[in-house]
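Quick note, the sequence shown lines up with residues 82 to 256 if you use our numbering. Every residue gets a Cβ at the ideal spot worked out from N, C-alpha and C, and that includes glycine.
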Amino acid sequence: MKPRWSRPIVILHWISAIAIVGMFASGLWMVDLTYYSDWYKTAPHWHKSVGLILLAITVIRLVTRVVTSRPPSHGTPLEKRLSRIGHGLLYTLIIMLFASGYLISTADGRSIDVFNWFSVPAMGEFFENQEDIAGKAHFYIAWSVIVLAIIHALAALKHHFIRNDDTLKQMLRLR
Ligand code: HEM
Ligand code: HEM
């Protein structure tokens, strides 16, 4: 049988894509909430909880990726190289988002309660102005992920509609 993406990889890819777009929108929205909003505390609680679940999903995804097959990629050698770099960059930036998010949230020594289900302990402040610096980094990294993801989605659509190859179908597990 031809190698293809395993079902868990496909499910985790689409869950992550939806979650990341949702996290981006909720992040931008929640930083402008005032103390008088009902969401003032709830929105960051959800943002952090979903973020840490997404971290677990990403770790599972990376491990699954190593032990399962992948379909052959299409395109010129340059395109294949760019796509490998792009995917590597997406994973790297997403992990940097988790790290910076953790550093913002725990700078004041408070742990992160994931849906009041379990709590991830704080390690305190590693450097001065940690909350501000990590906050700025988080903001720019989040934008970079979204811009790269848009280019990534356009590349997938180009494969499908212009090149007429099965790159996108493979990620949807369509025949
Ligand atoms: C472990 C995971 C994460 C944690 C703990 C976390 C935590 C936080 C916190 C505490 C803030 C508020 C910052 C402030 O008050 O200035 C924030 C903002 C934000 N987060 Fe996250 N986050 C995580 C993952 C993500 C992910 C995956 C995205 C997806 C793109 C994201 C996008 C954003 C955005 C766009 C903002 C608004 C930044 C701003 O306008 O200053 N976060 N996050
Ligand atoms: C925030 C949104 C997204 C993120 C972060 C993301 C991330 C990724 C990553 C990291 C890979 C590499 C998989 C690996 O080699 O382990 C991948 C593969 C793929 N993604 Fe996305 N993705 C997103 C949205 C989308 C969308 C909207 C589409 C379709 C329009 C799409 C189509 C694909 C396809 C077809 C592949 C397989 C590429 C190949 O065979 O080389 N992705 N995605």
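- Note that the region 170-177 does not touch the region 189-199; fewer than 3 beta-carbon pairs, one per stretch, sit closer than 8 Å.
- Contact between the region 203-210 and the region 225-235 is absent, with fewer than three C-beta pairs closer than 8 Å.
- Taking every protein chain shown into account, the CB of leucine 255 has fewer than 16 other CB atoms within 10 angstroms, so this residue is exposed.
- When DSSP reads this structure, aspartate 194 sits in a beta bridge with Ser200.
- 8 Å or more divides the Cβ of serine 87 from the Cβ of threonine 139.
- For the set Leu163, Ile185 and Val91, the Cα lying nearest the Cα of lysine 217 is the one of Ile185.
- Approximately 5 Å separates the beta-carbon atoms of serine 130 and phenylalanine 196; this is inside 8 Å, confirming the contact.
- Distance from the Cα of glycine 167 is smallest, within the candidate group Pro153, Leu133 and Leu235, for Leu235.
- The three-state secondary structure of glutamate 212, taken from DSSP, is helix.
- Within the model, the alpha-carbon separation for lysine 83 versus leucine 170 is close to 27 Å.
- Spatial neighbours of valine 201 in its own chain (CB-CB distance under 7 Å, excluding positions within 5 residues in sequence) are listed in chain order as Leu133, Ser192, Ile193 and Val195.
- If you draw a straight line from the Cα of threonine 145 to the Cα of tyrosine 116, it comes to about 42 Å.
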